[in-house]
Every structure is written in structure tokens, then in C-alpha cells.
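Chains as they are written, first to last, in our numbering: chain A, 851 to 1049; chain B, 11 to 155. Even for Gly, the Cβ is constructed at its ideal location relative to N, Cα and C. Below is one structure, written out as C-alpha cells; the observations come after it.
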Amino acid sequence: MTNRVSRLAAVAVIALSFLSLACYTVQTFANAAVKPEKDRRAAPDFALKDANGNSVRLSDYKGKVVLLDFWATWCGPCKVEIPWFIQFEQQYKDKGFAVLGVSMDEDGWNVVKPFIEEHKMNYRVALGNDQVSELYGGLDSLPTTLLVDRSGRIAKIHIGLETGRDGFENEITNLLAAPTMGGVRPTPGFLPAWLAGPR
Amino acid sequence: MVSCQPGLLGQGSGALTIGQIDSATAKRGGSFIEKIPLHLKTGFHCNSNTPADEYLIPLKLTWTPGPAQADAVVYPKPQLENYAFSPKPVSVYSGTFVLETKFKVPADAKPGMAMINGKLRYQACNERECLPPKTLDVQIPIDIE
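Now the structure itself:
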């Protein structure tokens, strides 16, 4: 009887150890998905117009975690991500999160507005230009998606479809859970030196 | 009488490059067919001239009026490929393919060397990302006899 209890206890201890290790591993991977705070650099600010003609600045979003998506209507892989971003906007907008799409369509609102309606995009979309493209290193590939932390620093850059919906969601929830730095954005320094660093 | 000689070297530094274009020799009042070889980097495709989705940017070769009059550009038959990002097959070109244009030299054309100029617009993607649309210059040297 005593032996049986001992064996059960040993199995339980081993199982718990494995569970702890698994949790730790998952958490470590999840945390590793975004850059450590010390490596983050300020996201260059910009002023663009949204579909209603209102001015949009990245700095308007201070204190929020922002998913900044550079995309275009002609970009097939961009269309894969859009439904995810619609869900994230819906799910996390009341938790200090926002999606900001920046369309790089040369044909402007004539093509972008119908696309927004067709795809029922519930987040704000602005029209990009060459200046913004230069600020962000040229945007040679779309989609280019950045996660900007509450302090206005780039926590992650995804070029192309390099992560799935769950990957984005892990990064967003990690950033939302991180302690704020008083909601103050650092002065945006000019870079695209950040491109040279780790994504 | 039409004859072709080796001409321009390929150009383009993006996903699509233009191969060697033969220079043309044609008599006034004559015609000739010019082939424009194109090559896409491995893994990349560009939309065909007739993409099914209205938002996609078609491949388009246009010729500016010059020493020879261009007929309609002949595009090869596109491939219908399935990609993760599209619920329906996408009409594309990949690898190496050739566009053709028939030119007519007017009877009153000025004899001598001249240049036919065109623009090739394309937009390329792979499975994971898309490159911005690009326009390349296309030039055919022509010797009008």
C-alpha cells in the first residue's frame, strides 16, 4: 500500500515537473517573440490622412500598443492577415490596443475605399506615401507589420507572412501585459537604422 | 526583308529581368516580330496580363509611338496557380516566358538607326510577400533600310 502511494506521489511530482517546464518553455518562447525593451527603438512618427480625410499621426496613439500594418490592395499575402487584424481590433481595442493600416496603393482611395468596405475592415486605415516609406526603410516587401509598444518603440517587425495569427496574438498580449512607462513616447529619432538591428 | 541581330543585354534588378533583346533590321514598308524574353526569380510570380482579381496589377507592355508602329502585344498563356493567400487560382507567369509584338515600319520612315521604346509594368510576389509594382524601360534598336 505504502509503495503504491509512493509510486503515485513520484508520478505526480514528475508530471508536475513536466507541466512546469512546459509552461516555462511556452512563456519563454512567447516572451522571446518581441524584442527586449533595451533593443527597441522609437517608431518614426508620421502624419497621414485616413479614409475620412482626418489627420492620423502615429504619436496620436501614445500609451497604446499599436499593430502598424503596411499593406496594399494588390498584395495577396496582406489579405491573409487582414481578417486576423479585424479580430484583434475587436478583441483588444478596449485594452489599450489599436490596429493602424497604412495602404501603399499608388492609386489611392479610389481602390482602397472599396477594398475596406468589401473586407469589412473595422480598423483605421491611412494612405501611405514615399516619405513614410523612406522613414520605414523603403518598405521593399509587403506586408510589413510592426508592433509598437505603449512607449512608441518598435517591439517587433514582420516582413511578409512570417508568423501566423497566434504568433501575432502572443506578441500583442505580451505587450499589453507589460508595465507602462507612464504612457510617454520617447522622442522619435530618425532611423531606419533599426532595420539593421534584430527584428 | 527583315533580319535580326543580337542587341541589348537584359536589364532589371528586381524580381523580373528582361533578357537579351535582338536588334531589328527592317525595310521601309516592311514588318517584323520582336520577342521580349522575361525571367522571374525562382519562387516569384507576377500577375498575368489578365488577372482574375480586379485589385491585382496586370503585366503590361506598352510601346511609345516611334519609328515603327506596334500591333497588339501577344502574351503567353498564363498559368493558373493556387496560393495560400487566394481562395481561387491566380493567373500568373513564372520562370522564363516571352512576349511578342509585331511592328510595321511606315513606307515613309527615315532610313538609318533608330530606337523603339516601351515600358513594362509588373508586380511580383512569392508565397509570403509582394514587391511594389515596377516599370522597366524596354528598348529595341532598329536599322531601317
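Beyond the five residues adjoining it in sequence on each side, PRO61 (chain B) comes within less than 6 Å, by CB distance, of PRO68 and SER101 in the same chain, given in chain order.
ARG131 (chain B) sits away from LYS87 (chain B), with the two beta carbons spaced by 8 Å or more. Taking CB atoms only, CYS56 (chain B) has no neighbour in chain A less than 8 Å away. Among the CB atoms of chain A, one or more fall inside 8 Å of the CB of GLN133 (chain B).
DSSP, reduced to helix, strand and coil, places PRO993 (chain A) outside both helices and strands of the structure shown, so it counts as coil. Within the stretch 81-120 of chain B, the complete beta strand (DSSP E) segments of 3 residues or longer fall at 89-91, 100-104 and 106-114, listed in chain order. Membership of TYR942 (chain A) in the alpha helix (DSSP H) is indicated by the continuous run 926-942. Between GLY1002 (chain A) and LYS912 (chain A) the beta-carbon gap is near 6 Å, inside 8 Å, which marks them as a contact. The shortest C-alpha to C-alpha distance from ASP63 (chain B) to any of B:HIS49, B:ASP32 and B:PRO99 is the one to B:PRO99. For the set A:LYS888, A:LEU917, A:ASN904 and A:ARG891, the Cα lying nearest the Cα of ASN1020 (chain A) is the one of A:LEU917. Chain-order list of chain B residues neighbouring LEU918 (chain A): empty, with the shortest C-beta distance near 17 Å, by a criterion of under 8 Å.
Positions of the beta strand (DSSP E) runs, each at least 3 residues long and wholly inside the stretch 942-976 of chain A, are given as 947-953 in order along the chain. VAL906 (chain A) and GLY946 (chain A) do not touch by the CB rule: their CB atoms are close to 18 Å apart, not below 8 Å. For VAL915 (chain A), the enclosing beta strand (DSSP E) covers residues 915-921.
ILE1009, GLY1010, LEU1011 and GLU1012: these are the residues of the stretch 1008-1021 of chain A whose beta carbon lies less than 9 Å from some beta carbon of chain B, given in chain order. Between the stretch 889-897 of chain A and the stretch 972-986 of chain A, the count of C-beta pairs closer than 8 Å reaches three or more; the two stretches touch.
Between CYS56 (chain B) and PRO927 (chain A), the C-beta gap is not smaller than 8 Å, which leaves the two residues out of contact. For ASP32 (chain B), the enclosing beta strand (DSSP E) has its first and last residue at 31-36.
With a threshold of 16 other beta carbon atoms within 10 Å, THR72 (chain B) falls short and is exposed. Listed along the chain, the chain B residues whose CB falls inside 8 Å of the CB of MET954 (chain A) are PRO142. Distance from the CA atom of MET125 (chain B) to the CA atom of ARG138 (chain B), rounded to whole angstroms, is 39 Å. Judged by beta-carbon spacing, GLN89 (chain B) lies beyond the 8 Å limit of LYS114 (chain B), meaning their Cβ atoms are not closer than that value. Collapsing the DSSP output to three states places THR72 (chain B) in a strand. Between TRP934 (chain A) and chain B, the shortest Cβ-Cβ separation is not below 8 Å. Burial check for GLY1010 (chain A): the Cβ neighbour count within 10 Å reaches 16 or more, so the residue is buried. Within the same chain, Cβ atoms closer than 6 Å to the Cβ of ILE936 (chain A) are found at ASN972, the five residues on either side in sequence being excluded.
At a Cβ-Cβ threshold of 8 Å, ILE43 (chain B) and LYS129 (chain B) do not count as neighbours. Pairing GLY958 (chain A) with VAL952 (chain A), the inter-Cα distance amounts to about 11 Å.
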